[in-house]
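Colleague: In this note's numbering, each residue's number is its place in the sequence shown (first place is 1) plus 50. Every residue gets a Cβ at the ideal spot worked out from N, C-alpha and C, and that includes glycine. All values derive from a computational prediction rather than experimental measurement. Before I ask anything, let me first share the structure, which is written out below as structure tokens.
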Amino acid sequence: MTFGRVNPQFRLEDQGIEGLGNVYYNLMEPALIEAALKKGEGTLGKGGAFLVTTGKFTGRSPKDKHVVKTASVADTIWWENNAAMSPEGFDNLYADMLEHMKGRDYYVQDLTGGADPKYAIDVRFVTELAWHNLFIRHMMRRPAREDLDGFTADWTVINCPTFQANPKRHNCRTETVIAMNFDKKMILIGGTEYAGENKKSIFTLLNYILPGKGIMAMHCSANHAKGNPVDTAVFFGLSGTGKTTLSADPDRVLIGDDEHGWSDRGTFNFEGG
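What follows is the structure, given as structure tokens:
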């Protein structure tokens with residue numbers, strides 16, 4: 051059965067994803083928290099925050115991130131620093147993941163990456179964990195509810211933490227896998243409960259797409275003067291070096307604290323918030 055609000059012409063079945071249990075589309079925060087609590091995915095903390103543990107991974111697994119090496123990207127990606135996956139390995143991974151998903155409940159969020167509508171991409175997130183759906187609903191940009199009726203995704207992200215990859219069959223490094231296919235416009239994530247893989251996969255995607263459009267993709271925080279968005283300050287630095295703290299200036303307007311694009315139209319956040 052399906053629940054929630056969705057484009058009737060763009061359900062998972064229309065994407066060839068069939069045989070699942072219940073599918074919940076674009077649930078709002080209270081419903082997602084209720085679902086996550088019922089499934090034992092976490093607990094409510096003081097003040098109503100949803101508290102979780104992320105299994106054996108408390109951070110991303112960059113060495114398990116793969117890009118499918120097809121003709122369209124073979125000459126434009128730096129393969130010394132990006133792990134390749136064969137198209138055959140990805141096809142096997144996708145088929146095996148779909149088989150693993152059958153009969154299980156899944157949660158879908160239809161969201162947008164990029165605050166500038168000229169450069170934004172529409173992304174469908176399909177997650178096994180309700181709290182992952184809650185997480186990505188907070189992190190990305192949400193279309194107006196009425197716009198969901200006509201939403202179609204440019205890219206689809208499927209996140210299945212209980213799925214374990216087979217390195218030999220799937221042409222990956224370990225049982226944990228993040229696989230990005232630019233031809234099929236699909237990202238598959240398996241074997242990790244760390245929710246940050248969802249949002250960072252979109253950052254990786256935009257890092258590849260936007261420079262080709264003359265936009266500088268940046269890992270930074272940014273703010274601007276009140277009443278004057280042209281007066282923008284950008285703060286660069288590795289994680290934990292103070293970007294967020296520096297940009298949270300009470301006398302300026304926060305643009306965002308992690309991922310941004312810089313175009314001839316200005317500086318814009320990739321995320322929501």
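1) Look at the Cβ atom of D172, then the Cβ atom of L161, and state whether they are nearer than 9 Å.
2) If you check the beta carbons only, do K113 and R219 fall under 9 Å apart?
3) Going by Cα to Cα distance, which pick from G163, D146 and T103 is closest to L260?
4) Which ranges does the beta strand (DSSP E) cover as unbroken runs of at least 3 residues, wholly within the segment 163-192, from first to last along the chain?
5) Alpha helix (DSSP H) containing G241: first to last residue?
6) By how many angstroms is the C-alpha of T294 removed from the C-alpha of K168?
7) If I follow the unbroken alpha helix (DSSP H) through T254, where does it start and stop?
8) Assuming V176 contacts V207 (C-beta within less than 8 Å), just tell me the rounded distance between them.
9) Where does T291 sit, in a helix, a strand or coil, going by DSSP?
10) Excluding sequence positions up to five away, which residues of its chain have a Cβ less than 7 Å from the Cβ of A170?
11) According to the Cβ coordinates, are G253 and E309 closer than 9 Å?
12) Quick test of your reading: F140 and A229, contact by CB under 8 Å. State the CB separation rounded to the nearest angstrom.
13) Do you know whose CA, among T126, H116, V158 and Q159, lies nearest E225's CA?
Modeller: According to the data block:
1) yes
2) no
3) G163
4) 171-177
5) Looking at the DSSP string, G241 is not in any alpha helix (DSSP H), and its letter there is neither H nor E.
6) 26 Å
7) G246 to I259
8) 7 Å
9) coil
10) T162, G163 and G164
11) The displayed chain sequence assigns Phe, not Gly, to residue 253. Contact: yes.
12) 6 Å
13) H116
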